[in-house]
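Visitor: Remember, the working numbering sits 31 above the position in the sequence shown when you count from 1.
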Amino acid sequence: MSNRFDYIVVGAGSAGCAVANRLSSNKNKTVLLLEAGKSNHPLTRIPVSFALLIDHPTANWRYRSHPDEKTSNRNIPIPRGKLVGGSSAINGLVYVRGQSLDYDIWAQMGNKGWSSEEVFPFFKKLENYVNPCEDLRGKKGLVNISQVTDRNPIYEAMFEAGKKLNIPLNEDYNSGDQEGFAYTQTTIFNGKRMSAKVAYIDPIKNRKNLNILTESLAKKIIFENRKAVGIEILRKGKNEKYFCNDEIILSGGAINSPQILELSGVGRPEILKQNNIEVIHELKGVGENLMDHLGPRLVYKVKKPGLSYNEKARGLNLIRQALNYAFNQDGFLNLPSAPVLGFFKTRPELASPDIQVHFIPYRVVLDNGKRTLGKDPGITCTVNQNRPESRGHIHIKSNNPQEYPEINCNFLDNPLDRDTLVDGVKLVRKIMGSNEVQNYCGEELQPGEKFSSDKDILQFIRDKAETLYHPSGTCKMGQDQSAVVDEKLKVKGLKNLRVADASIMPTLISGNTNGPCMMIGERCAEFIIRES
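(1) What residue from His424, Thr75 and Lys507 has the CA that sits closest to Lys228's CA?
(2) Rounded to the nearest angstrom, what separates Ser295 and Lys304 at their Cα positions?
(3) Since Val125 and Asn543 should fall inside the 8 Å C-beta cutoff, what is the C-beta to C-beta distance between them, to a whole number of angstroms?
(4) For Leu24, which residues of its own chain have a beta-carbon under 7 Å away from its beta-carbon, when the five flanking residues on both sides are left out?
(5) Give the range of the beta strand (DSSP E) segment to which Thr413 is assigned.
(6) In whole angstroms, what is the alpha-carbon distance linking Pro379 and His97?
(7) Ignore the nearest five residues each way along the sequence and tell me which others in Phe558's own chain have a CB closer than 7 Å to its CB.
(8) Tell me Phe254's beta-bridge partners as DSSP assigns them.
(9) Whose C-beta lies closer than 8 Å to the C-beta of Asn242 among residues of the same chain, with five residues either side of it excluded?
(10) Quick check on this structure: which residue in Lys170, Val396 and Ile136 has the alpha carbon closest to the alpha carbon of Glu158?
(11) Please go through the same chain and pick out, in chain order, the residues whose beta-carbon is closer than 6 Å to the beta-carbon of Ile391, but skip the five residues on each side of it.
(12) Which residue's Cα is closest to the Cα of Tyr356: Phe274, Arg460, Gly222 and Asn417?
(13) Shortest alpha-carbon distance to Val79 belongs to which of Asn365, Ile39, Asn91 and Lys236?
(14) When you compare the CB positions of Glu420 and Asn445, do they come within less than 8 Å of one another, or not?
(15) Looking at the structure shown, is Leu372 part of a helix, part of a strand, or coil, going by DSSP?
(16) Check whether the segment 260-275 touches the segment 474-492, counting contact only when three or more Cβ pairs, one atom from each stretch, lie closer than 8 Å.
(17) I need the DSSP call for Lys194, collapsed to helix, strand or coil.
(18) Which same chain residues, not among the five before or five after Lys526, have their C-beta less than 8 Å away from its C-beta?
(19) So what does DSSP say about Cys275, is it helix, strand or coil?
(20) Hey, is Ala496's beta-carbon within less than 8 Å of any beta-carbon in chain B?
(21) Indicate the three-state DSSP secondary structure (helix, strand or coil) for Tyr134 in the structure shown.
(22) Would you tell me roughly how many angstroms separate the C-alpha atoms of Ser55 and Glu202, rounded to the nearest one?
(23) For Pro537, count the other beta carbons within 10 Å of its own beta carbon; 16 or more makes it buried, fewer makes it exposed. Which is it?
(24) Short of 7 Å in beta carbon distance, which residues of its chain neighbour Asn71, apart from the five on each side in sequence? Order them along the chain.
(25) Tell me where the alpha helix (DSSP H) around Cys22 begins and ends.
(26) Determine the direct distance from the alpha carbon of Glu191 to that of Gly552, and round the result to whole angstroms.
(27) When we look at the beta-carbon of Ala43 and count the other beta-carbons within 10 Å, is it buried (16 or more) or exposed?
(28) Are the segment 318-326 and the segment 493-501 in contact at 8 Å, needing three or more beta carbon pairs?
(29) Assess, as a yes-or-no matter, whether the segment 301-318 is touched by the segment 506-514 under the definition of 3 or more beta carbon pairs within less than 8 Å.
(30) Residues in its own chain within less than 6 Å of Asp361 by CB, not counting five upstream and five downstream?
(31) In whole angstroms, what is the alpha-carbon distance linking Thr377 and Gly129?
(32) Let me know if Ser483 comes out buried or exposed under the rule of 16 or more other beta-carbons within 10 Å of its beta-carbon.
(33) So for Gln433, helix, strand or coil by DSSP?
(34) Return the chain-ordered list of same chain residues with a C-beta closer than 8 Å to the C-beta of Arg493, the five sequence neighbours on each side being excluded.
(35) Kindly list the residues whose CB is nearer than 8 Å to the CB of Lys523, restricted to its own chain and excluding five residues on each side of it in sequence; keep chain order.
(36) Please classify Pro163: is it buried, with 16 or more other beta-carbons within 10 angstroms of its beta-carbon, or exposed?
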């Protein structure tokens, strides 16, 4: 294999797989796709395996946040996929585009070409939505998307309770109007996970102009006069160098992309110097602007038998579920992390929903990042603010690429975030405490009735909330002094280098980030193809 390619894509996650697919469609261009993890894990195709992979050492970077008193000095788990497909291979399989407002805000910040009207065609391009839909949805894309088929009387009771709170039932939250209860749209097709690897890489893995190297850890980008010309990697214990004719695209995600930039001498001079790294280019925004969705989990007892998967997935019932999955591609093993979503307004005067709720038909026990089924039947409701205002940062601790960076999430720093989450918990309590839902559900097991005041609820959030695994923003796109990339995703002040992943998001989108990351990959490839 040659050590020179036209394009080098660093990171085979949701965006990187999309970029590699589109760029290698030109037979006259050679593409190298680098991935630090392995090619695959045998469990990734089974949807419910996310519960195991979320803390699996061979499929997951298993990052943790730096302790912060605002979240009770906990090291909060931050799972990130470490295999081809990235986090799309281990996530909860929830597909959300986001609100139109999310992208219109990006455009208002000076990012031309990123309004909702301009990005939605790229969502449509990637989608093959298998359910009946309006013309707003894609039907010919590479990523198969389907709506959950799981039905439960508890869901119907929640929908009825929602009507009394002016919460509608939304047939398609990805068609422009996000508000309401909805059955989840998932990256599941015919009972199997549709990761970015399955969608973008597996169909083209035999292209002669595409080379994929796994277990290849990026050490640093090689620059000549502020021009990216290659990359140095660590592979099978040896240093290797690969060079590009055209461009390098960083798609390492919101943690790895800023880490690679800093290891390469791009970032805040004081951080680079204290880690004995030569300053190639000063960019003060590298690693800053970290955002994520913080979510407290409310748990309720289910008092009617046969409705919770805590019962359906044990003993002989688990065997039945396995057989149902094997023959019908249905049941517990075919579930995403949440079969029902809610996009709600905590105040009626708001222009758009400010919280998202994942409704999970079983009792989830989270212990130091490990997710297990509780013994007793229950239902879990995870609440998060859609567009948090608090900002954290990620920075290297040494010049060793194998040492994890320090991740400071700075959750709950902004008072709006605190107020919105408290209000979100109170709204979920109204739904779950309604007469309709109480026909099936009983007492609140977490946090419990003793957490009644706003102060109590906030303390519960500080003590127990974990992330929804959507880190973003650390290589921000924009026009201001803190921006790292421009609207074409080019790293400012450098040549032949772009970033395409969740790190470029200037503000966090209202929902799960896998779909938007694939859109970003599609967008980046289009920029490159048009310019080449």
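C-beta atoms are modelled at their ideal positions from N, C-alpha and C, and glycine is treated no differently. It should be emphasised that the depicted structure is a prediction, and the values quoted were computed from it without experimental measurement.
Guide: Here's the rundown:
(1) If you number the sequence shown from 1, residue 228 lands on position 197. Of the listed residues, the one whose Cα sits closest to Lys228 is Thr75.
(2) By 1-based counting over the sequence shown, the position of residue 295 is 264. By 1-based counting over the sequence shown, the position of residue 304 is 273. So the alpha carbons of these two residues sit roughly 12 Å apart.
(3) As a working mapping, residue 125 is identified with position 94 in the sequence shown. As a working mapping, residue 543 is identified with position 512 in the sequence shown. Confirmed, Cβ separation roughly 4 Å.
(4) Nothing about residue 24 can be read from this structure; the chain reaches only from 32 to 563.
(5) Residue mapping note: residue 413 aligns to position 382 of the sequence shown, counting from 1. Note, Thr413: beta strand (DSSP E), Gly409 to Gln416.
(6) For the purposes of this step, residue 379 is identified with residue 348 of the sequence shown, where counting begins at 1. For the purposes of this step, residue 97 is identified with residue 66 of the sequence shown, where counting begins at 1. Using only the alpha carbons, I get a separation of about 36 Å.
(7) Here residue 558 corresponds to residue number 527 of the sequence shown, with the count starting at 1. Taken in chain order, the residues that qualify are Lys519 and Leu520.
(8) Position 223 of the sequence shown holds residue 254. Paired residues: Ala259.
(9) The sequence position of residue 242 within the sequence shown is 211, counting from 1. Closer than 8 Å at the Cβ level, and outside the excluded window around Asn242, lie Met32, Phe36, Thr61, Val62, Leu63 and Leu64.
(10) Here the question's residue 158 lines up with position 127 in the sequence shown. Among Lys170, Val396 and Ile136, the Cα nearest to that of Glu158 is on Lys170.
(11) For the purposes of this step, residue 391 is taken as residue 360 along the sequence shown, with counting starting at 1. Ala369 and Thr411.
(12) For the purposes of this step, residue 356 is identified with residue 325 of the sequence shown, where counting begins at 1. The shortest C-alpha separation from Tyr356 is found at Gly222.
(13) Taking the first residue of the sequence shown as position 1, residue 79 is located at position 48. Among Asn365, Ile39, Asn91 and Lys236, the Cα nearest to that of Val79 is on Asn365.
(14) The sequence position of residue 420 within the sequence shown is 389, counting from 1. The sequence position of residue 445 within the sequence shown is 414, counting from 1. Contact flag set, yes.
(15) For the purposes of this step, residue 372 is identified with residue 341 of the sequence shown, where counting begins at 1. Strand at Leu372.
(16) no
(17) For the purposes of this step, residue 194 is taken as residue 163 along the sequence shown, with counting starting at 1. In the structure shown, Lys194 sits in a helix (DSSP, three-state: H, G or I).
(18) Locating residue 526 in the sequence shown gives position 495, where the first residue counts as 1. So the qualifying residues of the chain are Arg257, Lys258 and Ala259.
(19) As a position in the sequence shown, residue 275 is number 244, starting the count at 1. Cys275: strand per DSSP, three-state reduction.
(20) Among the chains in the structure shown there is no chain B, since it carries only a single protein chain.
(21) The residue you call residue 134 lines up with position 103 of the sequence shown. Helix, per DSSP.
(22) Within the sequence shown, residue 55 is the residue found at index 24, counting from 1. Within the sequence shown, residue 202 is the residue found at index 171, counting from 1. Answer to the nearest angstrom: the Cα atoms are 37 Å apart.
(23) Residue 537 sits at position 506 when you count from the first residue of the sequence shown. Buried is the call here.
(24) Taking the sequence shown and counting its residues from 1, the one referred to as residue 71 is at position 40. Cβ within range, chain order: Leu114 and Val115.
(25) What is shown of the chain runs 32 to 563, which leaves residue 22 out entirely.
(26) Position 521 of the sequence shown, counted from the start, is the residue given in the question as residue 552. Position 160 of the sequence shown, counted from the start, is the residue given in the question as residue 191. So the two alpha carbons sit approximately 39 Å from each other.
(27) Taking the sequence shown and counting its residues from 1, one reaches residue 43 at position 12. Buried, by the Cβ-count rule.
(28) yes
(29) yes
(30) Along the sequence shown, one-based indexing puts residue 361 at 330. Around Asp361: Asn355.
(31) Counting from one through the sequence shown, the residue named residue 377 turns up at place 346. Counting from one through the sequence shown, the residue named residue 129 turns up at place 98. Roughly 18 Å between the two C-alpha positions.
(32) On the sequence shown, position 452 is the one that residue 483 refers to. Exposed, since its Cβ has fewer than 16 Cβ neighbours within 10 Å.
(33) Residue mapping note: residue 433 aligns to position 402 of the sequence shown, counting from 1. Gln433: coil per DSSP, three-state reduction.
(34) The residue labelled residue 493 in the question sits at position 462 within the sequence shown. Closer than 8 Å at the Cβ level, and outside the excluded window around Arg493, lie Lys101, Thr102, Ser103 and Leu443.
(35) Mapped onto the sequence shown, residue 523 falls at position 492. These residues qualify, in order along the chain: Leu314, Ala514, Val515, Val516 and Asp517.
(36) The residue given as residue 163 occupies position 132 in the sequence shown. Classification for Pro163: exposed.
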